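Structure record follows, encoded as structure tokens.
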Amino acid sequence: MTLSIPALLIEPPLPRVLRPFLESAAQLGLRCALAIPFYRSGMTKWDAFLSLSDSADALFTDEFKLHILGAQYPFPAPHLMAFASGLMEVLLPILLVFGLGTRLAALGLLGMTAIIQLTEPDAWANFHLIWAAAALAIFLHGPGKISLDALLAKMLGGTRS
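Each residue of the sequence shown is one higher than the last, beginning at 13 in the working numbering.
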């Protein structure tokens, strides 16, 4: 005997017109939720336009270490890593929120999450797992219809979003 659960209990009935909008709104919300912590972190690394703060530089030079196979290693090229980190933590979230180059921005933030995990391995359950899952979902499902990517695809005759 098979237990049958009505589809109504599992999936809420949504009008066909409303469902695509709600899905795209959810994708926009997911993009914003991933972008906010990275953008805030990135903004703390700058004193002025393209002027990296001394504290950000010191973090990568003296404080941050890569935890690999039970050992700690200093970051290679710490000044370059601090600059690249600060730049990507501002640029990628902006692209993500506007939905421009969304999949590439999500992939970049997924890579940054992996590096952050190697730097702060104890924060996996509270932060990194959520960031990685969000970035992966955005990468796989795209930005949705509320995005510049979708607008560009529509203008260029494509249908992917």
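Quick reminder that beta carbons are idealized off the backbone N, C-alpha and C, glycines included. The structure displayed is predicted, hence computed values, not measured ones.
Check	Outcome
With a threshold of 8 Å between beta carbons, is D134 in contact with chain C?	Among the protein chains of the structure shown there is no chain C, as only one such chain exists.
I'd like the span of the alpha helix (DSSP H) that includes H153, first residue to last.	141 to 153
Name the DSSP bridge partner or partners of A83?	I80
By the three-class DSSP mapping on this structure, what secondary structure does L62 have?	coil
Beta-carbon separation of F151 and A118 under 8 Å?	yes
Am I right that A47 and P105 are in contact with their C-beta atoms under 8 Å? What's the rounded C-beta distance?	3 Å
Does DSSP put S159 in a helix, in a strand, or in coil?	coil
By how many angstroms is the C-alpha of A96 removed from the C-alpha of A60?	15 Å
Report all residues from its chain with a CB closer than 8 Å to the CB of W136; omit the five preceding and five following residues, and keep chain order.	Q129
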